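Chemist: Going by the UniProt record's numbering, the sequence shown opens with residue 1, and the numbers climb by one from there. Pasting in a structure now, in structure tokens, and then I'll have a few things to ask.
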Amino acid sequence: MKLKGATQLETPLFDTLLTHVDTNPIAFHIPGHKGGKGMDPEFRDFIGENALKIDLINIAPLDDLHHPKAAIAEAERLAAEAFRADETFFSVQGTSSAIMAMIMGVVGPNEKIIVPRNVHKSVMSALVLTGAHPVFIHPEYDETYGIAHGITASAVERALEMHPDTKAVLVINPTYFGIAGDLERIVAVAHAQDVPVLVDEAHGVHLPFHDELPLSAMQAGADVAATSVHKLGGSMTGSSILNVRRGLVSPERIHAMLSMITTTSTSYLLLASLDAARRQLATKGEAMNERALTLARTARTAINNMPHLSVYGHAELHSESTYALDETKILVSVRELGITGFEVEKYLRETHRIEVEMSDLLNVLFIVTSADDESTIQALIDGMRDVVSVYDQSGNDSLSIMLPEIPPLALSPRDAFYEETETIPLENAVGRISAEFIMVYPPGIPIIIPGELITTSTLEYIMANIEAGLPVQGLEDESLQMIKVIQQTKAIR
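Printed below as a string of structure tokens:
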């Protein structure tokens with residue numbers, strides 16, 4: 001088959017796998033199930049023969065993800081072309097590994113990186129691995145929906161003025177809820193100081209393929225973007241990509257970091273699904289997005305017209321951090337209905353067989369893709385109409401959620417991770433350095449992270465949330481009475 005110079009209509013890696021299977025090879029290599037023949041029959045029959053035939057290892061005809069020179073290299077080249085990057089690298093360990101690799105490839109021990117306070121836990125893992133120091137920026141907070149948006153260009157500019165030795169800026173764009181900030185302006189502010197912009201684009205793989213969606217990271221000029229293809233792009237769960245722009249970062253170093261944390265037993269099922277998903281997005285992405293947007297708008301209108309429900313829409317876009325909206329994410333506030341989003345999720349599951357993307361105290365989130373159709377959208381509308389009829393109660397307007405202050409960072413997350421710890425009563429923790437995360441949903445912003453000093457105001461905020469019955473999470477002690485802190489060195493007598 002042709003490799004070099006393949007077009008977006010082709011799938012060089014997937015085709016290579018099919019060609020190899022057609023030779024009917026006699027395998028004396030792993031995986032030991034050898035096309036499913038050595039596998040539990042019930043599982044084999046359910047998964048299917050074709051999938052198991054391409055569950056292979058990096059033998060010579062199939063190329064090697066760690067040192068791609070043939071089919072994988074060409075598949076990644078086509079992906080870079082489709083996503084408007086200079087280089088694209090495949091990840092078979094999700095966007096978490098991609099995020100870790102892009103941070104590890106740009107910052108090192110004791111170097112500073114600007115990050116939103118509401119980052120994914122993979123960012124904190126990268127900080128532990130690199131020994132870098134985070135400069136936190138609070139995201140803008142939406143009091144109506146109780147959610148965190150992104151950070152603003154103005155906040156980034158102030159942070160760079162205060163920390164001119166910063167090595168990188170990390171941005172979440174779009175957010176989990178499909179809300180995008182003015183990423184182009186953030187990039188311009190950072191690039192004016194020769195600081196690269198790294199983007200957690202877990203929920204934005206489809207953005208480059210429709211003009212009515214927010215700009216993608218590469219379209220906005222960002223330097224690196226970790227992008228989940230499996231979330232909204234049609235590949236298999238756990239398959240993602242890293243898009244890189246040359247200039248302020250080294251693609252070779254980022255790829256080396258990704259290779260360092262990636263298994264050598266790479267899944268060709270996941271790799272092939274990335275190759276096929278890229279082809280579908282590049283050749284049919286606009287039509288797929290148009291279908292998803294049309295279906296989502298039908299659901300949005302119907303749900304928004306129901307009593308006591310409100311859907312986050314374009315009318316709520318009012319600031320640098322709420323600059324654009326992905327309408328395929330349907331965020332529904334149930335605050336006025338008088339019940340929690342958790343209760344809505346449970347009711348929809350048990351009564352209508354509907355599984356939601358997320359629920360919290362105030363909201364429920366639905367994701368619409370081109371895989372939906374009129375029947376699934378009608379089921380969603382009917383389910384929400386039933387919720388309203390069953391649970392019409394007094395509202396939660398009295399509920400108030402405030403942002404906590406960011407405590408002082410006494411130790412880097414890396415140092416805190418490796419220090420000896422002890423467990424003490426939470427009420428006695430003022431003045432100690434936390435070894436645990438504590439957060440509350442909503443808004444999902446950490447109150448404290450490992451390495452931060454527990455202050456009086458921090459403890460008061462935590463206790464106020466606990467007393468209010470809000471879902472405080474993160475502590476190993478589920479009773480929320482004890483906390484792990486850095487062990488204090490006792491004087492030698």
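Heads up, the beta-carbon is just placed ideally off N, CA and C, and yes, glycines get one too. Quick caveat: nothing in here was measured; it's all calculated off a predicted structure.
Going by alpha carbons, who is nearest to residue 235 out of 220, 214, 269?
Modeler: Taking the Cα of residue 235 as reference, the smallest distance to any Cα among 220, 214, 269 is reached at 269.
Chemist: Pick out whichever of 57, 173, 272, 193 has its Cα sitting closest to the Cα of residue 159.
Modeler: 193
Chemist: With DSSP run on the structure shown, which of helix, strand or coil describes residue 479?
Modeler: coil
Chemist: Whose C-beta lies closer than 8 Å to the C-beta of residue 308 among residues of the same chain, with five residues either side of it excluded?
Modeler: Cβ within range, chain order: 334, 336, 337, 338, 388, 392, 395.
Chemist: Assign residue 390 to one of two classes, buried (16 or more other C-beta atoms within 10 Å of its C-beta) or exposed (fewer than that).
Modeler: exposed
Chemist: Considering only their Cβ atoms, is the gap separating residue 434 from residue 454 smaller than 8 Å?
Modeler: yes
Chemist: Just tell me which of 464, 413, 206 has its CA closest to the CA of residue 367.
Modeler: Taking only the C-alpha atoms, the option nearest residue 367 is 206.
Chemist: Are there 16 or more other CB atoms within 10 angstroms of the CB of residue 231, so buried, or fewer, so exposed?
Modeler: buried
Chemist: In the stretch 152 to 229, which residue ranges form an unbroken alpha helix (DSSP H) of at least 4 residues, counting only runs that do not cross its ends?
Modeler: Within the stretch 152 to 229, complete alpha helix (DSSP H) segments of at least 4 residues are found at 153 to 162, 183 to 191, given in chain order.
Chemist: Residue 68: buried (16+ other C-beta within 10 angstroms of its C-beta) or exposed?
Modeler: Buried, because 16 or more other Cβ atoms sit within 10 Å of the Cβ of residue 68.
Chemist: Who pairs with residue 306 in a beta bridge, going by DSSP?
Modeler: According to DSSP, which records beta bridges pairwise, residue 306 is partnered with nothing at all.
Chemist: Is the distance from the Cβ of residue 536 to the Cβ of residue 432 below 8 Å?
Modeler: Within the shown structure, residues of the chain are numbered from 1 to 493, placing residue 536 beyond reach of any answer.
Chemist: Report, in whole angstroms, the separation of the C-beta atoms of residue 195 and residue 224, which I expect to be a contact under 8 Å.
Modeler: About 12 Å; that fails the 8 Å criterion.
Chemist: If we count the other Cβ atoms within 10 Å of its Cβ and call it buried at 16 or more, is residue 172 buried or exposed?
Modeler: buried
Chemist: Going by C-alpha to C-alpha distance, which of 291, 420, 35 sits closest to residue 374?
Modeler: The shortest Cα separation from residue 374 among 291, 420, 35 belongs to 291.
Chemist: So residue 112 is in the alpha helix (DSSP H); what residue range does that whole segment cover?
Modeler: Note, residue 112: premise wrong, no alpha helix (DSSP H); beta strand (DSSP E) at 112 to 116.
Chemist: Compute the beta-carbon to beta-carbon distance between residue 214 and residue 174, rounded to the nearest angstrom, for a pair I have assumed lies under 8 Å.
Modeler: 6 Å
Chemist: With the cut-off set at 8 Å, would you say residue 85 and residue 279 are in Cβ contact?
Modeler: no
Chemist: Residues in its own chain within less than 7 Å of residue 238 by CB, not counting five upstream and five downstream?
Modeler: 92, 93, 94, 230, 270
Chemist: Residues in its own chain within less than 6 Å of residue 352 by CB, not counting five upstream and five downstream?
Modeler: 383
Chemist: Got a sec, what are the start and stop residues for the alpha helix (DSSP H) residue 13 sits in?
Modeler: 12 to 22
Chemist: Where do the ends of the beta strand (DSSP E) carrying residue 243 lie?
Modeler: 240 to 244
Chemist: From the DSSP secondary-structure annotation, give me the bridge partner or partners of residue 133.
Modeler: Answer is 112, bridged to residue 133.
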